[in-house]
Amino acid sequence: MDVYVTLGPDQESASSVAAAAEDAGFDGVSWGEHLFFHGATPNAFVALAAAAGATARIRLLTSVVILPLYPAALAAKLAATLDRVSNGRLDLGVGVGGEYPAEFEAAGVDVRTRGRRSDEALEVLRRLFAGTPVYFDGDFTRIRGEALQPPPVQRPGPPVWLGGRRPAAMRRAGRFADVWFPYMYSPEQLAESLAQVRAEAERAGRDPAAVRGAVFCWGGVDDADGARSRREVVDTVSGVYQQDFDRLADRYLLHGTPDDVAARIREYRDAGAETLVFSPVGDGRRRDEIVATFGDGVLPRVR
């Protein structure tokens, strides 16, 4: 099982944190984005470009870019450039957003169009990544014979990661996703929904096995005090999402000793997740401690 780690809230340390993650044996780093949200958020493309310059091996995942906030051709250009500067290490995670409508209003995008914009943009990305002239006349994008140059290093393009649990999101993932990765999912939900996404892929004329499973989990770990780990995770996630996560922690969040956390991750692996995106709680020294404990005590148990 591959394990990625999020880069955390401190944007100034993106390079050093990414380098440390590579040295610790993680398979990738990830960073999400919002234009506006509860707390500081970076631009994922820019932040991961800094991480690319400090690393040589690990994958770089946008988790996620809110695709409908971008003109489709601009998103393609940013993704292709990041894939170039990282020598083909980009995983392009995208989502439709909508949980914070104010950022759509600020960007001049009608939040009600986010699904249609995303579907169209994913088709545009696929065509532009080929590097050949594209003719496209859609509701939101018009391209008349232009080619994206230079194209991405990866062919036919960076792997596309999609999440979402609603029927429209499942259909979208079936049509476009190389990897489907939900968050706030139990292993049981993951197994059931991954089967649904693969069925949608088959209906779209794709090989259902081409859609790989992954999962995004907030979490923490403590060598000696599993209860402390649970408190830290609940407090952090409750603050981020502005609701009490105490009753949901055992279902959706990783916490406990290294043995506890590794056992839960193996449940996700058995449910079909080939990659875990681990988002450690805390900041500063405490976050570094959690990442180090995870690297030493959990990673070897889930490979």
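Numbering (UniProt numbering), first residue to last: 1 to 303.
Note that CB positions come from ideal geometry on N, CA and C, so glycine has one too.
In this structure residue 149 is exposed. Its beta-carbon is surrounded by fewer than 16 other beta-carbon atoms within 10 angstroms. Under a 10 Å Cβ-count criterion, residue 120 is classified as buried, with 16 or more other Cβ atoms of the shown protein chains found around its own Cβ.
Burial check for residue 280: the Cβ neighbour count within 10 Å reaches 16 or more, so the residue is buried. Per DSSP, the unbroken alpha helix (DSSP H) holding residue 291 starts and ends at 284-297.
A straight-line Cα-Cα distance of about 27 Å links residue 127 and residue 274. Relative to residue 175, the option among 211, 113, 191 whose CA is nearest is 211. Minimum Cα-Cα distance from residue 248 among the listed residues 287, 259, 263, 230 corresponds to 230. Rounded to whole angstroms, the separation of the alpha carbons of residue 44 and residue 68 is 15 Å. The continuous beta strand (DSSP E) containing residue 212 extends over residues 212-219.
In chain order, 159, 160 place their CB closer than 6 Å to the CB of residue 178, counting only its own chain and leaving out the 5 sequence neighbours on each side. Taking C-beta atoms as the reference points, residue 264 and residue 153 fail to come closer than 8 Å. Positions of the alpha helix (DSSP H) runs, each at least 4 residues long and wholly inside the region 175-212, are given as 187-203 in order along the chain. Using a Cβ distance threshold of 8 Å, residue 278 and residue 100 do not count as a contacting pair. Within the same chain, and ignoring the five residues on either side of residue 54 in sequence, the residues whose Cβ sits closer than 6 Å to its Cβ are 15, 18, 19. Rounded to the nearest angstrom, the gap between the Cα atoms of residue 96 and residue 223 is 38 Å.
Look at residue 265 here: in three-state DSSP terms it is helix.
For residue 50, the CB contacts under 6 Å within the same chain, skipping 5 residues up- and downstream, are 14, 15 in chain order. The C-beta distance from residue 200 to residue 170 rounds to 5 Å, short enough to meet the 8 Å contact threshold.
Secondary structure note for residue 104: its alpha helix (DSSP H) is the uninterrupted segment 101-107. Going by DSSP, residue 303 is part of no alpha helix (DSSP H) at all; its letter is neither H nor E. The C-beta separation of residue 245 from residue 253 comes to about 7 Å, placing the pair in contact by the 8 Å criterion.
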